[in-house]
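Colleague: So the sequence lines, in the order shown, correspond to chains A and B.
Residues 1 to 340 (full-length UniProt numbering) make up the first sequence, in order.
Residues 1 to 337 (full-length UniProt numbering) make up the second sequence, in order.
Cβ coordinates follow ideal geometry from the N, Cα and C atoms, glycine included.
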Amino acid sequence: MTAPMDAPESSQHADPEAAARGSGAANRSLGQIAWQRFRRDRIGMAGGVVVLLLILVALLAPLLASWFGSPPNQFHQDLIEPLTGGVLRDPDDPAEGIDPWGGISTEHLLGLEPVNGRDLFSRIVYGARTSLLVATVATLVCVVIGTVLGIVAGYFGGWVDVAISRAMDIFLAFPLLLFAIALVGVVPDGAFGLTGNGLRIGVLVFIIGFFNWPYIGRIVRGQTLTLKEREFVEAAHSLGAGSAHIVFREILPNLLTPILVYSTLLIPTNILFEAALSFLGVGINPPMATWGGMLDNALRFYTTSPHFVIIPGLAIFVTVLAFNLFGDGLRDAFDPRSSD
Amino acid sequence: MLTYILRRLGAGLLLLAVVTMVTFAIFYVVPRWAGRTTEQLATMYVGRAPTPEAIQATIDRLGLDQPVIVQFGEFVRGIFLGAEYRFGNDTIECAAPCFGYSFQNYQEVFPEIVARLPVTASLAFGAGVIWLVGGILVGVVSAVWKGSLFDRLAMAVALAGVSLPIFFTGLLALAFLVHGWGLFGMPGYVPLTEDPFRWVQGLLLPWLTLAFLHAAMYARQTRAGMLEVLGEDYIRTARAKGLDERRVVLKHALRPTLTPIVTIFGLDLGLVLGGAVLTEQVFSLNGIGRYAVSAVTQSDLPVILGVTLFGAFFIVVCNLAVDLTYPLIDPRVRLHG
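1) What is the DSSP secondary structure of Y262 of chain A, reduced to helix, strand or coil?
2) Within 8 Å of any Cβ in chain B, is that where the Cβ of A298 of chain A sits?
3) Is it buried or exposed for Y302 of chain A, if we count other Cβ within 10 angstroms and need 16 for buried?
4) From G111 of chain A to L153 of chain B, what distance separates their C-alpha atoms?
5) Within a Cβ cutoff of 6 Å, which residues of the same chain sit near R123 of chain A, ignoring the five residues on either side of it in sequence?
6) Output yes if chain B places a C-beta closer than 8 Å to the C-beta of L204 of chain A; else output no.
7) Between L183 of chain A and the rest of its own chain, which residues show a CB-CB distance below 7 Å, the 5 nearest in sequence each way excluded?
8) From this set, B:I92, B:P302 and B:G231, which residue's C-alpha is nearest S102 of chain B's C-alpha?
9) Measure the alpha-carbon distance for G209 of chain A versus T139 of chain A and round it to whole angstroms.
10) For a test of the three-state rule: what should DSSP assign to Q107 of chain B, helix, strand or coil?
11) Below 8 Å on C-beta distance, what does G311 of chain B contact in chain A?
12) At the level of alpha carbons, what is the spacing between residue 353 of chain B and L267 of chain B?
13) With burial defined as no fewer than 16 other Cβ atoms inside 10 Å of the residue's Cβ, what is the status of M186 of chain B: buried or exposed?
14) Would you mind giving the Cβ-Cβ distance between I216 of chain A and I246 of chain A, rounded to the nearest angstrom? I have them listed as a contact below 8 Å.
15) When you check each C-beta in the region 291–310 of chain B against every C-beta of chain A, which residues fall closer than 8 Å?
16) Report the option in A:A128, A:P100, A:R221 and A:S131 whose CA atom is closest to the CA atom of V160 of chain A.
17) If I'm right that A224 of chain B touches W131 of chain B with Cβ under 8 Å, what's the distance once you round it to whole angstroms?
18) Rounded to whole angstroms, what is the Cα-Cα separation between I5 of chain B and T193 of chain B?
19) Hey, F68 of chain A and L109 of chain A are a contact pair by Cβ (cut 8 Å); roughly how many whole angstroms apart?
20) Can you give me, in chain order, the residues of the region 246–264 of chain A that have a beta carbon less than 9 Å from any beta carbon in chain B?
21) Given this structure, state the Cα-to-Cα distance separating D330 of chain B from V322 of chain B, to the nearest angstrom.
22) Mind checking whether the beta-carbon of L239 of chain A lies closer than 7 Å to any heavy atom of the ligand ATP?
23) Specify the secondary structure class of A289 of chain A as computed by DSSP and reduced to three states.
24) Given that P31 of chain B touches chain A, what residues does it touch there, using C-beta distances under 8 Å?
25) Applying the criterion that 16 or more other CB atoms from any shown protein chain within 10 Å of the CB defines a buried residue, is K228 of chain A buried or exposed?
26) Compare the C-beta of P206 of chain B against all C-beta atoms of chain A and say whether one is closer than 8 Å.
27) Just checking my contact of T51 of chain B with I136 of chain B at CB under 8 Å: how many whole Å lie between their CB atoms?
28) Going by DSSP in three states, C94 of chain B sits in which element: helix, strand or coil?
29) Counting contacts by CB-CB distance shorter than 8 Å, is E201 of chain A in contact with chain B?
30) Compare the C-beta of V282 of chain A against all C-beta atoms of chain B and say whether one is closer than 8 Å.
31) Taking a cut of 8 Å between CB atoms, which residues from the region 266–278 of chain A lie near chain B?
32) Taking 8 Å as the CB-CB limit, is P165 of chain B close to chain A?
33) Which residues, in order along the region 315–331 of chain A, keep a beta-carbon less than 9 Å from a beta-carbon of chain B?
34) Is the region 225–238 of chain B in contact with the region 198–216 of chain B, if contact means three or more CB pairs nearer than 8 Å?
35) Should D300 of chain B be labelled buried (16 or more other beta-carbon atoms within 10 Å of its own) or exposed?
36) For a contact defined as C-beta to C-beta under 8 Å, what are the partners of G180 of chain B on chain A?
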């Protein structure tokens, strides 16, 4: 790297803080301003706290299950009414009938699953793992593809831009769910050296990542288009910087914030997608716990065990809502147009 | 105007070609990447009795040992001209448009899809009307009375709505509205031509459930669009020259807001028409989407292929329909197209 090429990056123009200083907010970086704004946004904060808790729950699933529940695949059929599969009100006296609350007690905090009587608390906690794992990794795939293609389209323009933009339109127009169903149908067990749920998770991540990247791609392309007209990029150009330097050292750092914000908003979409596929029976295979898979089972038991509908459904709802609120909050906090 | 239409038609055809290619790739190329041999691939199509002879016959029939490009040619030819499958002395005809032949159930796929289309179409159009009208209405009222109790309540519900998957709301509706409180009968499909009243009765709950999800999104979008437009200079001008508020809102502000909404509506409708997979699964409606899902559990590959292609075609057609209605909504398109 030659000396002139280092010059623009050591100057103030390249860093995002310069914008904050320029706009008169004394000595506060964009990050600090955003944090201050975000702290005042109670709804966004609440979303953020729930998101953090959920990540903790997913990480500590085995511990939580052993403290507050029983192993996620342990049957408790002694508590089940054999005819309908519902949970007994009193296991010692089957004449008492079925408990509409699904056996919620201190032993089983969220009650039991119909038929097999597996502990719902453990299954929900383990389900958080599956859900967050698939959604996060898939989002990472989206971010990588979307960022690379978005920058290429925005920076180079011309026919490259036309081709990539058209590709993004086409990807967004695909019947995603049908394609996902199809792909799960054609990929054989043992493909790519993966079997069982390892393969299923791989396929899910691939499908979601490969078809949802244009959401990130569009944002990155738009941002790149405006960034490349900015003075600091022009300065780098005039100092003789090459495309690689400008893309990686000048433009990319300024893209990190929008990428962060929009990937936070993409995670809930991907969570819903994973849940939908598991609900249809083409996602993760049982006995691995998934929220969508539980709702699929609930289709047969909603008359006797409404709790089996409510609990996994609420898990999905709370998670998706928390990510949406958190993402909206982040977006507003980082939005230069919103007032300080 | 004519050039605009021609350009859009061209783009639609291109999209159709790409979608066909991707569908073909998913079914004929991806399995090979995933390590399937020609024999294994043939087994997936052979149906009930995978004897070695049957597998070899399937390879010959589908040309699975041919180069990919030849296979693609046959695939496209089948769609336009129909296909014939030979089993020794027997011949099975698959009339054009041949979307595949289920060797498991000995049925052509396309007529099966068409037979299920009324269910899916009834679901899509009924729900579409509700979510479009409901979403826009709530969005406009929320924007006009921004910050009011109605606005805050509606937006809270809408935010919750976009975070609620339909397989949850649908199950809740079944568990409580149908089973628990008996407010609705069990959803089901009765053809409109047979009994319009029971058609509505059977589909009302699926309509409302499906519409709720989309209406939430439309309300948010309409509100945001309206607020942006209401801040424009020409709205101030319209007010300044003494137009009454109703005219300003309904005529001057609503129209530009609707353009993006119509775009999304076309795409959403196309998606739902291609198979409202989740809704049909929750309410056990035998539409196109459910056909595909049950095909997966039976590993009936040609059916999945046919439905995927059909769904993709619907999206392209709806895309085109949107593009062609654009000039009616936004006169600028007519001028610059």
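Modeller: The relevant details are as follows:
1) Here Y262 of chain A sits in helix by DSSP.
2) It does; some Cβ of chain B falls within 8 Å.
3) Its Cβ being crowded by 16 or more others within 10 Å, Y302 of chain A is buried.
4) Across the structure, G111 of chain A and L153 of chain B are spaced so that their CA atoms are roughly 32 Å apart.
5) Excluding residues within five positions, the ones whose Cβ falls inside 6 Å are P72 and A289.
6) For L204 of chain A, the answer is no, since every Cβ of chain B falls outside 8 Å of its Cβ.
7) Contacts found: V203 and I207.
8) Out of B:I92, B:P302 and B:G231, B:P302 has the C-alpha closest to the C-alpha of S102 of chain B.
9) Their Cα atoms are separated by approximately 6 Å.
10) Q107 of chain B: strand per DSSP, three-state reduction.
11) Close to G311 of chain B, with beta-carbon spacing below 8 Å, are these residues of chain A in chain order: P175 and L178.
12) Not covered by the structure: residue 353 of chain B. The range shown for chain B is 1 to 337.
13) M186 of chain B should be labelled exposed.
14) With a Cβ gap of about 20 Å, I216 of chain A and I246 of chain A do not count as contacting.
15) Of all residues in the region 291–310 of chain B, A292, V293, A295, V296, T297, S299, L301, I304, L305, V307 and T308 have a Cβ within less than 8 Å of some Cβ in chain A.
16) For V160 of chain A, the closest of A:A128, A:P100, A:R221 and A:S131 by C-alpha to C-alpha distance is A:R221.
17) Going by Cβ atoms, the distance from A224 of chain B to W131 of chain B rounds to 17 Å, so no, they are not a contact pair.
18) Rounded to whole angstroms, the gap between the alpha carbons of I5 of chain B and T193 of chain B is 35 Å.
19) That pair is a contact at about 6 Å.
20) Residues of the region 246–264 of chain A whose Cβ lies closer than 9 Å to any Cβ of chain B: none.
21) Between D330 of chain B and V322 of chain B, the C-alpha separation is close to 12 Å.
22) This structure lacks the ligand ATP; in fact it carries no ligand of any kind.
23) Note: A289 of chain A maps to coil in three-state DSSP.
24) What P31 of chain B touches in chain A: V186, V187 and P188.
25) The residue in question, K228 of chain A, is buried, as its Cβ has 16 or more Cβ neighbours within 10 Å.
26) Cβ-Cβ to chain A under 8 Å: no for P206 of chain B.
27) The beta carbons of T51 of chain B and I136 of chain B sit about 59 Å from each other, so the pair does not count as a contact at 8 Å.
28) Residue state, collapsed to three classes: strand.
29) Reading off the sequence shown, one finds Ile at residue 201 of chain A, where the question assumed Glu. It does not; no Cβ of chain B falls within 8 Å.
30) With 8 Å as the cut-off, V282 of chain A counts as an interface residue toward chain B.
31) When C-beta distances to chain B are compared with 8 Å, the residues of the region 266–278 of chain A below that value are P268, L272, A275 and A276, in chain order.
32) Answer yes: the Cβ-Cβ gap between P165 of chain B and chain A drops below 8 Å somewhere.
33) Cβ contacts with chain B: I316, F317, V318, T319, V320, L321, A322, F323, N324, L325 and D328.
34) Between the region 225–238 of chain B and the region 198–216 of chain B, the count of Cβ pairs shorter than 8 Å is below three; the stretches do not touch.
35) Classification of D300 of chain B: buried, given that the 10 Å Cβ count is 16 or more.
36) Listed along chain A, the residues sitting closer than 8 Å to G180 of chain B by beta-carbon distance are P306.
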